[in-house]
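Below you'll find the structure, written out as structure tokens, and then a few comments.
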Amino acid sequence: MAEDKFPGWHGTTIIGVRKGGKVVVAGDGQVSLGQTVIKGTARKVRRLSPGGHDVVAGFAGSTADAFTLLERLEKKLEAAPGQLARACVELAKDWRMDKYLRNLEAMLIVTDGKDLFVLTGAGDVLEPEHGIAAIGSGGNYALAAARGLIEGDLDAETVARKAMAIAADICVYTNGNLTVETIGG
451 MAEDKFPGWH GTTIIGVRKG GKVVVAGDGQ VSLGQTVIKG TARKVRRLSP
501 GGHDVVAGFA GSTADAFTLL ERLEKKLEAA PGQLARACVE LAKDWRMDKY
551 LRNLEAMLIV TDGKDLFVLT GAGDVLEPEH GIAAIGSGGN YALAAARGLI
601 EGDLDAETVA RKAMAIAADI CVYTNGNLTV ETIGG
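If you read the sequence shown in this note's numbering, its first letter stands for residue 451, the second for the next number, and so on.
Below you can see the structure in the form of structure tokens.
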């Protein structure tokens, strides 16, 4: 990821939680350079509306690269309205095959309220188990926390918020300043 080209850049935890007919995508706001927090209020979760179909996306990695991928995803969704899986596969194929796109360093979590996917530059379109996906520096902490919380009576948003709080307590590259988007239900 960005750490390869820019040593010391860290940041971002994004989680997607599907439960009770809703999907919540939450992301923290921290961007760090080495041991310094550069920004604490970055917005890494966005709502897209290509062709009138709502999609929520969260990104980890290079911001410029992620925006390039989000623009490409919107175009794929405009070409295949309401078909998130197809659009994601088409984007992943382009990302893997195109010489320019292949160098982009970001990961995405995307959802239309029904499906939940993780997209990577390796050409992966992953549908996570247990209805939970997490990426970024604190992604594994948030994922573990959410998996522990998902079976209880908590709704999707509460699971996502609690998981992000746990990740922020453990990962120095994650803060508690959240952007939360809900879709579905």
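Beta carbons: idealized from backbone N, C-alpha and C, even for Gly.
Does DSSP put residue i in a helix, in a strand, or in coil?
i    : result
V622 : coil
A542 : helix
A516 : helix
A492 : coil
G602 : coil
G589 : helix
A510 : strand
To the nearest angstrom, how far is it from the Cα of residue i to the Cα of residue j?
i    : j    : result
K526 : A596 : 30 Å
T513 : E555 : 9 Å
A510 : G470 : 26 Å
G571 : G466 : 19 Å
D548 : E607 : 36 Å
G635 : V505 : 14 Å
What does DSSP give as the partner residues of residue i in its beta bridges?
i    : result
L498 : V505
A476 : I465 and V630
### Message
Does the structure place the stretch 484-492 close enough to the stretch 467-476 that three or more beta carbon pairs sit under 8 Å?
### Response
The answer is no - the stretch 484-492 does not touch the stretch 467-476, with fewer than three Cβ pairs under 8 Å.
### Task
Give a yes or no on contact between the stretch 599-614 and the stretch 496-504, applying the rule of three or more CB pairs nearer than 8 Å.
By the C-beta criterion, the stretch 599-614 is judged not to be in contact with the stretch 496-504, since fewer than 3 inter-stretch pairs fall below 8 Å.
### Task
Output the residue ranges of the beta strand (DSSP E) runs that lie fully inside the stretch 539-585 and measure 3 residues or longer, sorted by chain position.
If we require 3 residues or more, the beta strand (DSSP E) runs fully inside the stretch 539-585 come out as 556-561 and 566-569.
### Query
Should the stretch 615-631 be called in touch with the stretch 534-552, which here means at least 3 C-beta pairs below 8 Å?
Verdict: no, contact absent.
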